[in-house]
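Notes to accompany the following structure.
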Amino acid sequence: MLGRRGLILLAAGGSLVLLLAAFGFQHLGGLAPCQMCLWQRWPHAAAVAFGVFALALGGAIWLWLGLLSALTTAGIGGYHTGVERGWWDGPASCAGGAGGLGGSGADMLSLDVPALVVQCDEVVWSLVGLSMASWNMLAALVLAAIWALALCKSA
Numbered sequence: 001m002l003g004r005r006g007l008i009l010l011a012a013g014g015s016l017v018l019l020l021a022a023f024g025f026q027h028l029g030g031l032a033p034c035q036m037c038l039w040q041r042w043p044h045a046a047a048v049a050f051g052v053f054a055l056a057l058g059g060a061i062w063l064w065l066g067l068l069s070a071l072t073t074a075g076i077g078g079y080h081t082g083v084e085r086g087w088w089d090g091p092a093s094c095a096g097g098a099g100g101l102g103g104s105g106a107d108m109l110s111l112d113v114p115a116l117v118v119q120c121d122e123v124v125w126s127l128v129g130l131s132m133a134s135w136n137m138l139a140a141l142v143l144a145a146i147w148a149l150a151l152c153k154s155a
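Residue numbers (the working numbering): 1 to 155.
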């Protein structure tokens, strides 16, 4: 059974692995992220930082923040999954049009604008019927449970 430090390493390390996997899919696999995919990365980065602070400084606050970060990315992943499955509409910034790029219609026609614009309701990769957003949600819920276990362990 892992102690508190081991659980912190596992939780923060899990977020680091998911973050590196997202960058791998993007830069090595050529799968451009949508806006909501990018939103899901920030809480993982925060969880890694909170894990480092927890190990270096101690204190339950860092564990609570790590737990909150994992639940935040799980929530975004769940919301994104619903958008992908058509259960509800996504934010306007995920439409993939000029509004999503922060430009005008002329900007969209410019050769300087990237050709690949991913809409948040498009699934660009899936495994056993679950998209990356769905897998992120499930993995983040497991990481949240690990953060919670770390909170239950005595320092």
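All C-beta atoms in this analysis are idealised placements derived from N, C-alpha and C, irrespective of residue type, glycine included.
Tell whether a beta-carbon distance below 8 Å holds between residue 15 and residue 127.
As a position in the sequence shown, residue 15 is number 15, starting the count at 1. As a position in the sequence shown, residue 127 is number 127, starting the count at 1. No, the pair does not count as a contact, with Cβ atoms beyond the cut-off.
Below 8 Å, how does it come out for the region 21-41 and the region 54-64: are there three or more Cβ pairs, yes or no?
They do not touch, by the three-pair rule.
Leaving out five residues on either side along the sequence, give the residues of the same chain with a beta carbon under 7 Å from the beta carbon of residue 5.
Locating residue 5 in the sequence shown gives position 5, counting from the first residue. Closer than 7 Å at the Cβ level, and outside the excluded window around residue 5, lie 55.
Thinking C-alpha only, which one of 93, 79, 2 is nearest residue 87?
Walking along the sequence shown from the start, residue 87 turns up at place 87. Cα-wise, what sits closest to residue 87 is 79.
Best match in 77, 8, 89 for proximity to residue 42 [C-alpha to C-alpha]:
For this step, residue 42 is matched to residue 42 along the sequence shown. Nearest C-alpha to residue 42: 77.
According to DSSP, simplified to helix, strand and coil, what is residue 2?
Translated into the one-based positions of the sequence shown, residue 2 becomes position 2. Correct three-state label for residue 2: coil.
Below 6 Å CB to CB, which residues in the same chain sit around residue 48 once its five sequence neighbours on both sides are set aside?
Position 48 of the sequence shown, counted from the first residue, corresponds to residue 48. Excluding positions up to five away in sequence, the list reads 12, 15, 16.
On the CB-based measure, 16 or more other CB atoms within 10 Å of its CB, does residue 62 come out buried or exposed?
As a position in the sequence shown, residue 62 is number 62, starting the count at 1. Per the 10 Å Cβ criterion, buried.
Does the distance from the C-beta atom of residue 51 to that of residue 66 stay below 8 Å?
On the sequence shown, residue 51 is found 51 positions in, with the first residue counted as 1. On the sequence shown, residue 66 is found 66 positions in, with the first residue counted as 1. Closer than 8 Å, so yes.
Given this structure, state the Cα-to-Cα distance separating residue 99 from residue 39, to the nearest angstrom.
Locating residue 99 in the sequence shown gives position 99, counting from the first residue. Locating residue 39 in the sequence shown gives position 39, counting from the first residue. Note on residue 99: pLDDT 39, under 50, position unreliable in the model; the coordinate value appears next. If you take the alpha carbons of residue 99 and residue 39, they lie about 17 Å apart.
Residue environment, residue 3, which counts as buried when at least 16 other CB atoms sit within 10 Å:
The residue labelled residue 3 in the question sits at position 3 within the sequence shown. Residue 3 is classed as exposed because its beta carbon has fewer than 16 other beta carbons within 10 Å across all chains shown.
Give me the Cβ distance between residue 139 and residue 18, rounded to the nearest whole Å; I'm assuming they're in contact under 8 Å.
Residue 139 sits at position 139 when you count from the first residue of the sequence shown. Residue 18 sits at position 18 when you count from the first residue of the sequence shown. Between residue 139 and residue 18, the beta carbon gap of about 6 Å places them in contact (Cβ cut-off 8 Å).
Can you give the Cα-Cα distance for residue 125 and residue 134, rounded to whole angstroms?
Taking the first residue of the sequence shown as position 1, residue 125 is located at position 125. Taking the first residue of the sequence shown as position 1, residue 134 is located at position 134. Rounded to the nearest angstrom, the two C-alpha atoms are 11 Å apart.
Where residue 64 and residue 35 are concerned, what is the direct C-alpha to C-alpha distance, given to the nearest angstrom?
Walking along the sequence shown from the start, residue 64 turns up at place 64. Walking along the sequence shown from the start, residue 35 turns up at place 35. Between the C-alpha atoms of residue 64 and residue 35 there is a straight-line separation of about 27 Å.
Give me the residue from 123, 9, 44, 22 with the minimum Cα distance to residue 81.
Here residue 81 refers to the residue found at position 81 when the sequence shown is read from its first residue. Selected option, being the one with the closest Cα: 123.
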